[in-house]
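First residue of the sequence shown? That's 0 in numbering that gives the first Met the number 0, and the numbers climb one at a time after it. Notes follow the structure.
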Amino acid sequence: MTFSDQINEYNQTLVGDHNFRWGYLGEQLSRSGHDVETLLQQLAAFQVAIPSWALGTGGTRFGRFPAGGEPRSLEEKIEDVGIIHALNRSSGAISLHIPWDIPHDYAAIRQLLQANDLIIDSVNSNTFQDQSGQPLSYKFGSLCHTDADVRQQAVEHNIQVAEYGQKLGDECKTLTVWLSDGSDFPGQHHFRRAYQRTLESLQTIYNALPPDWTMLIEYKPYEPHFYSMLIPDWGTSLRLSEGCGARAQVLVDLGHHLPNTNIEQIVARLLHFGRLGGFHFNGSMYGDDDLTTGSIKPFQLFLIFCELVQAAQDAVVRNPPVAYMIDASHNLKDPIEDLLQSVQNILTAYAKALLVDTDALFDAQEANDAVRAEEVLRDAFMTDVRALVAEAIRRQGGALDPIGLYRHLSIRQQRIDTRGKLAVATGL
Ligand code: RM4
Ligand code: MN
Ligand code: MN
0 MTFSDQINEY NQTLVGDHNF RWGYLGEQLS RSGHDVETLL QQLAAFQVAI
50 PSWALGTGGT RFGRFPAGGE PRSLEEKIED VGIIHALNRS SGAISLHIPW
100 DIPHDYAAIR QLLQANDLII DSVNSNTFQD QSGQPLSYKF GSLCHTDADV
150 RQQAVEHNIQ VAEYGQKLGD ECKTLTVWLS DGSDFPGQHH FRRAYQRTLE
200 SLQTIYNALP PDWTMLIEYK PYEPHFYSML IPDWGTSLRL SEGCGARAQV
250 LVDLGHHLPN TNIEQIVARL LHFGRLGGFH FNGSMYGDDD LTTGSIKPFQ
300 LFLIFCELVQ AAQDAVVRNP PVAYMIDASH NLKDPIEDLL QSVQNILTAY
350 AKALLVDTDA LFDAQEANDA VRAEEVLRDA FMTDVRALVA EAIRRQGGAL
400 DPIGLYRHLS IRQQRIDTRG KLAVATGL
């Protein structure tokens, strides 16, 4: 029996209940003026990339408690993302971390990607750890380092990462740069000089990229350094990207903000400036917690999608296509279930944002009617869209209940049987 047969068989057991709920929701949406087919198409078109570093339990510098059967190679990671995508039809891309996942047999990897209906759409560099055999240390920074030779080594690493990406297929056109560079004590860094050195290093990388490549610059307020980070905020990322060129953009990682930061406003600002390049989705209670997306603040996730949906409808906005990626890795859950939940929560937030009556919202805003504006948003947010998301996935051949089927088929146990109880994924 093929996997798609197994999905169909499983869906058969759920379809009666689903049709009942979808019938009601579809009718409700049509009555309030939505074109249900368009909504389904918009959801079907939405894809979020899975990070190669999230297929193992991790996300902690303390103990790791793997359940077993983790992917031991890039090939096995592709297999795991293949399962996720087959189940939800919304995870058709992989974001690759180098050197945690250096490809060796490019032809075989491209074939495996194709067989799993996947692409590798972006590559991430890593100058936040020293690799064995590396001549110079990043202990005191990489692209910002006082020593030109260390900067050069870090620049060359980034260029090499992009070269790996180019060999992985034409769809891979994005280099994501996250710098751990920073300082831990007052006086340690000459802030202005360190910034200038970083800008020049990034310009060198940018200029070495193929002309159709994008460079995404991530920011983070603290950790691993606790006095200053070289790129602590979106303003710094924005200035750096402007200093590089039009294809340098800002990447917003949801966990890279101080508690209670208004991320949706940052998203709106970046869209306004045409510099929002991508997202790293995750859930956050305190900081870079890398929890399941939407687990802690589903309303905030919805408000972020509202900005994206409104910008997509606004001819004034000139923002390039946004790369959607997950960046989460947890110690407790089965990583595949965690990712399935994240994608489901992202689709749910997007679906709700598509339901916002933007005309009514803008009217309320113009009239300074704060209550009405908030109610318009709440009306969409409180709609139970699960049947809409399920229908969109079902029509693409996915499972009505992806996690349910994953458990029903005991896929983790199968992985443990083939890969071993002690198999641990590469990564953090
Ligand atoms: C960082 C940052 C980067 C990710 C690494 C693993 O905090 O979010 O995007 O590549 O973690
Ligand atoms: Mn990130
Ligand atoms: Mn992070």
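For each residue, glycine too, the CB sits at the ideal point set by N, CA and C. Quick caveat: nothing in here was measured; it's all calculated off a predicted structure.
Can you check whether the CB of residue j is closer than 8 Å to the CB of residue i?
i, j, result
"Arg150", "Arg192", "no"
"Thr357", "Gln299", "no"
"Ile119", "Leu167", "yes"
"Ile6", "Gly396", "yes"
"Ala398", "Asn10", "yes"
"Pro220", "His256", "yes"
"Ile335", "Ile83", "yes"
"Leu346", "His33", "no"
"Ser51", "Asp100", "yes"
"Ile204", "Tyr218", "no"
"Leu253", "Ala310", "no"
"Met214", "Arg246", "yes"
"Asn87", "Val342", "yes"
"Asp400", "Leu13", "yes"
"Phe139", "Asp183", "no"
Restricting to Cα atoms, I'd like to know which of the options is closest to residue i.
i, options, result
"Asp211", "Leu174, Ser141, Lys219", "Leu174"
"Ile392", "Gln5, Ala44, Gly273, Ala310", "Ala44"
"Arg63", "Lys332, Ala114, Phe278", "Lys332"
"Ala85", "Pro102, Cys143, Phe2, Ala245", "Phe2"
"His103", "Asp129, Ile265, Gly58, Tyr163", "Tyr163"
"Gln128", "Thr260, Leu253, Pro98, Tyr405", "Pro98"
"Pro275", "Ile295, Val251, Asp287", "First, the amino acid is wrong: residue 275 is Leu here, not Pro. It is Val251 whose Cα lies nearest to the Cα of Leu275."
"Leu290", "Arg20, Val14, Thr56, Gln27", "Thr56"
"Leu240", "Pro258, Leu198, Leu253", "Reading off the sequence, residue 240 comes out as Ser, not Leu. Ranking the options by Cα distance to Ser240, first place goes to Leu198."
"Thr421", "Arg30, Trp21, Leu42, Pro65", "According to the sequence displayed, residue 421 carries Leu and not Thr. Ranking Arg30, Trp21, Leu42, Pro65 by Cα distance to Leu421 puts Pro65 first."
"Asn177", "Arg30, Tyr405, Phe61, Leu201", "The residue you asked about is not Asn; residue 177 is Trp in the sequence shown. The shortest C-alpha separation from Trp177 is found at Leu201."
"Ile350", "Glu373, Ile101, Ser341, Val384", "Here the sequence assigns Ala to residue 350, which means Ile is not the residue at that position. The shortest Cα separation from Ala350 among Glu373, Ile101, Ser341, Val384 belongs to Val384."
"Ala322", "Leu307, Ile410, Val316", "Leu307"
"Asp232", "Ile262, Arg246, Glu69, Ala247", "Ile262"
"Ser227", "Lys296, Gly181, Ser236, Thr382", "Gly181"
"Gly81", "Met381, Ala267, Ala48", "Ala48"
"Ile415", "Gly58, Ser31, Glu75, Leu28", "Glu75"
"Ile216", "His188, Ile108, Gly234, Pro209", "Gly234"
"Val423", "Ser283, Glu69, Gly15", "Glu69"
"Ile108", "Ser29, Val370, Leu73, Glu373", "Leu73"
"Asp4", "Leu408, Ala114, Leu253", "Leu408"
"Val272", "Ala363, Cys305, Asn318", "In the sequence as presented, Val is not what sits at residue 272; that position holds Phe. Ranking the options by Cα distance to Phe272, first place goes to Asn318."
"Pro134", "Gln152, Gly242, Gly140, His188", "Gln152"
Could you check what DSSP says for residue i in three-state terms: helix, strand or coil?
i, result
"Asp358", "helix"
"Ala322", "strand"
"Ser236", "helix"
"Phe190", "helix"
"Gly208", "Note that residue 208 corresponds to Leu in the displayed sequence, not to Gly. Here Leu208 sits in coil by DSSP."
"His279", "strand"
"Thr50", "Looking at the sequence shown, residue 50 is not Thr but Pro. Strand, per DSSP."
"Tyr341", "Inspection of the sequence shows that residue 341 is occupied by Ser rather than by Tyr. Here Ser341 sits in helix by DSSP."
"Leu167", "coil"
"Leu408", "coil"
"Leu421", "coil"
"Leu24", "helix"
"Leu290", "strand"
"Arg317", "coil"
"Glu373", "helix"
"Lys332", "coil"
"Val416", "The displayed chain sequence assigns Asp, not Val, to residue 416. If DSSP states are grouped into helix, strand and coil, Asp416 belongs with the helices."
"Ala516", "Lying outside 0 to 427, the shown extent of the chain, residue 516 is not represented and no answer is given."
"His33", "coil"
"Ile392", "helix"
"Ser141", "coil"
"Ala310", "helix"
"Gln128", "coil"
"Gly242", "helix"
"Thr1", "coil"
"Ser136", "coil"
"Ser200", "helix"
"Lys351", "helix"
Just list the residues that DSSP pairs residue i with in beta bridges.
i, result
"Ile119", "Ile93"
"Ile216", "Val176, Val249"
"Ser182", "Ser227"
Spell out whether any CB of chain D is found under 8 Å from the CB atom of residue i.
i, result
"Asn206", "Given the protein chain composition of this structure (a single chain), no chain D is represented."
For ligand 4, is there a heavy atom less than 7 Å away from the beta-carbon of residue i?
i, result
"His255", "Ligands in the displayed structure: ligand 1, ligand 2 and ligand 3; ligand 4 is not one of them."
Below 8 Å on the Cβ atoms is my guess for residue i versus residue j; work out the distance and round it to an integer in Å.
i, j, result
"Gln46", "Ser89", "6 Å"
"Val388", "Leu42", "6 Å"
"Ile434", "Ala207", "Nothing can be reported for residue 434: it is not among the residues displayed for the chain, which extend from 0 to 427."
"Ile402", "Leu302", "About 26 Å separates the two Cβ atoms, so there is no contact after all."
"Ser124", "His156", "6 Å"
"Asn330", "Gly25", "In fact, because the Cβ distance is near 40 Å, the residues do not count as touching under 8 Å."
"Pro297", "Ala366", "Contact flag wrong, Cβ pair sits at about 28 Å."
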